[in-house]
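A.B. asks: Handing you this structure, nothing more for now.
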């Protein structure tokens with residue numbers, strides 16, 4: 135690829151990403167009343183999206199190969215227990231991450 | 194007057210910064226990985242610098258590297274981007290109300306709305322004495338700085354980095370688990386949370402790691418639409 139072709143390729147990705155981010159705001163501008171169905175989606179979607187993002191983070195983890203998802207399951211359990219116990223976001227995240235790093239570096 | 198405006202900005206920064214710490218860990222690491230990947234693929238550090246700044250959508254940047262290494266096909270690059278980043282549409286729909294009335298800040302907030310930034314800006318309980326617009330701008334900007342600096346450093350120093358940080362990117366997974374739990378604690382009805390987990394998991398099994406996002410989104414949208422009469426009128430989806 136020439137430099138110009140590279141710039142066009144990167145430009146196509148930039149424009150595509152911009153469209154996915156700006157489209158909802160262009161279709162439903164702030165000045166106009168947003169349809170009730172869309173407001174409903176805006177309220178219920180995030181909870182489902184957070185579930186999707188958790189699965190998305192774990193998409194390449196395999197139960198059948200490597201460490202059989204054991205470090206992931208243990209570390210997520212640590213996050214959940216820490217968060218139910220103290221409900222300190224940073225503590226839960228740091229605890230789970232340190233646990234995971236120790237497991238993948240020293241145990242598995 | 195000027196002084197108090199500065200106070201507002203400083204207070205928003207102080208409130209926003211702790212929320213971005215897990216992203217700092219995750220983005221520096223992933224950004225470095227991405228920059229190193231470009232470095233070993235034969236690209237100057239200018240590529241990860243500009244790509245991380247302009248595209249600012251992690252997984253798509255990795256894919257763009259492989260696109261740059263194959264035959265020139267910008268239409269394919271464009272369509273792939275729409276598919277892979279389609280989840281941003283959901284973020285936009287969720288933020289329509291929250292971004293209202295923020296003027297110029299809104300443009301940047303939409304531009305910089307990656308997975309992590311959306312999740313924080315949507316779920317953070319911003320104290321009443323903190324300016325909402327500035328808070329979200331700082332979350333967005335800090336996350337972008339982490340990502341761009343990681344990618345650029347990786348592009349510059351590439352294979353010279355040998356620190357054993359294996360597994361630090363789990364910070365991102367841990368953060369999404371925590372945000373998922375926070376949403377769970379706040380909602381009275383957990384249908385949507387459970388649907389998100391279950392439908393995505395089923396789609397992952399059926400379509401595989403590279404193709405499951407769009408089917409998951411369609412499934413989530415369909416089921417939530419079908420359940421609208423059940424979820425909406427009783428005010429079960431009331432959020433804080």
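Chains as they are written, first to last, in the working numbering: chain D, 135 to 242; chain R, 194 to 433.
Beta carbons are placed, not taken as given, at the ideal position from N, Cα and C, and that holds for glycine.
Given the structure is predicted, the values throughout are model-derived calculations rather than measurements.
(1) Around the C-beta of residue 280(R), are 16 or more other C-beta atoms found within 10 angstroms, so that it is buried, or is it exposed?
(2) Report buried or exposed for residue 170(D), applying the criterion of at least 16 other Cβ atoms within 10 angstroms of its Cβ.
(3) Quick check on the burial criterion: 16 or more other C-beta atoms within 10 angstroms. Buried or exposed for residue 141(D)?
(4) CB-CB under 6 Å to residue 364(R), same chain, minus the five flanking residues each way: which ones, in chain order?
(5) If we cut at 8 Å on Cβ distances, does residue 248(R) have a partner in chain D?
(6) Closest to residue 305(R) by CA distance: which of 147(D), 225(D), 136(D), 156(D) is it?
(7) Report back the beta-carbon spacing between residue 207(D) and residue 216(D) to the nearest angstrom; my notes put them in contact at under 8 Å.
(8) Using a cut-off of 9 Å between C-beta atoms, extract the partners of residue 215(R) located in chain D.
(9) Give, in chain order, every unbroken run of the beta strand (DSSP E) that is at least 3 residues long and sits entirely within the segment 199-284 of chain R.
(10) Helix, strand or coil for residue 410(R), going by three-state DSSP, please let me know.
(11) Is the Cβ of residue 433(R) closer than 8 Å to any Cβ of chain D?
(12) In angstroms with no decimal places, state the Cα-to-Cα distance between residue 237(R) and residue 243(R).
(13) Quick one: which chain R residues come within Cβ less than 9 Å of residue 172(D)?
(14) Taking the CB atoms as reference points, tell me whether residue 143(D) and residue 267(R) lie closer together than 8 Å.
(15) Can you check whether the CB of residue 185(D) is closer than 8 Å to the CB of residue 312(R)?
(16) Would a check of beta-carbon distances place residue 169(D) closer than 8 Å to chain R?
(17) With distances taken Cα to Cα, identify the nearest neighbour of residue 379(R) among 331(R), 341(R), 315(R), 422(R).
(18) Count the other C-beta atoms from every protein chain shown that fall within 10 angstroms of the C-beta of residue 360(R), then say buried if there are 16 or more, exposed otherwise.
(19) Between residue 380(R) and chain D, is there a C-beta pair that is closer than 8 Å?
(20) Taking only three categories from DSSP, how would you classify residue 163(D)?
(21) Can you give the Cα-Cα distance for residue 212(R) and residue 261(R), rounded to whole angstroms?
(22) Listed in chain order, which residues of the segment 195-210 of chain D have Cβ atoms closer than 7 Å to some Cβ of chain R?
(23) With respect to the alpha helix (DSSP H) encompassing residue 233(D), which residues constitute its N-terminal and C-terminal limits?
(24) Am I right that residue 162(D) and residue 289(R) are in contact with their C-beta atoms under 8 Å? What's the rounded C-beta distance?
(25) Pull up the distance between the alpha-carbon of residue 229(R) and that of residue 221(R), whole angstroms please.
(26) Tell me whether the beta-carbon of residue 384(R) lies closer than 8 Å to the beta-carbon of residue 241(R).
(27) Please state whether DSSP places residue 151(D) in a helix, a strand or coil.
(28) Given that a residue counts as buried once 16 or more other Cβ atoms are within 10 Å of its Cβ, and exposed if not, what is residue 177(D)?
(29) Apart from the five residues just before and just after residue 210(D), which ones in its own chain have a Cβ nearer than 8 Å to its Cβ?
(30) Report yes if the C-beta distance between residue 192(D) and residue 283(R) is below 8 Å; otherwise report no.
(31) Tell me where the alpha helix (DSSP H) around residue 187(D) begins and ends.
(32) Residue 367(R) and residue 213(D) - do their beta-carbons sit closer together than 8 Å?
(33) Tell me whether residue 168(D) is buried or exposed, calling it buried when 16 or more other Cβ atoms sit within 10 Å of its Cβ.
(34) Does residue 238(D) get closer than 8 Å to chain R when you measure Cβ to Cβ?
(35) So, for residue 377(R): in the same chain, excluding its five sequence neighbours on each side, which residues have a beta-carbon less than 7 Å away from its beta-carbon?
(36) How would you label residue 348(R), buried or exposed, when you count the other beta carbons within 10 angstroms and need 16 or more for buried?
C.D. replies: The structure says:
(1) buried
(2) exposed
(3) exposed
(4) 215, 218, 219
(5) yes
(6) 156(D)
(7) Not really, about 15 Å apart at Cβ, beyond 8 Å.
(8) 223, 224, 227, 228, 231
(9) none
(10) helix
(11) In this predicted model, residue 433(R) has a pLDDT of only 37, less than 50, meaning its place in the structure is not dependable; the value taken from the coordinates is given anyway. Chain D contact via Cβ: absent.
(12) 11 Å
(13) 286, 289
(14) yes
(15) no
(16) no
(17) 315(R)
(18) buried
(19) yes
(20) coil
(21) 34 Å
(22) 209, 210
(23) 223-236
(24) 6 Å
(25) 12 Å
(26) no
(27) helix
(28) buried
(29) 230
(30) no
(31) 170-191
(32) yes
(33) buried
(34) yes
(35) 383, 386
(36) buried
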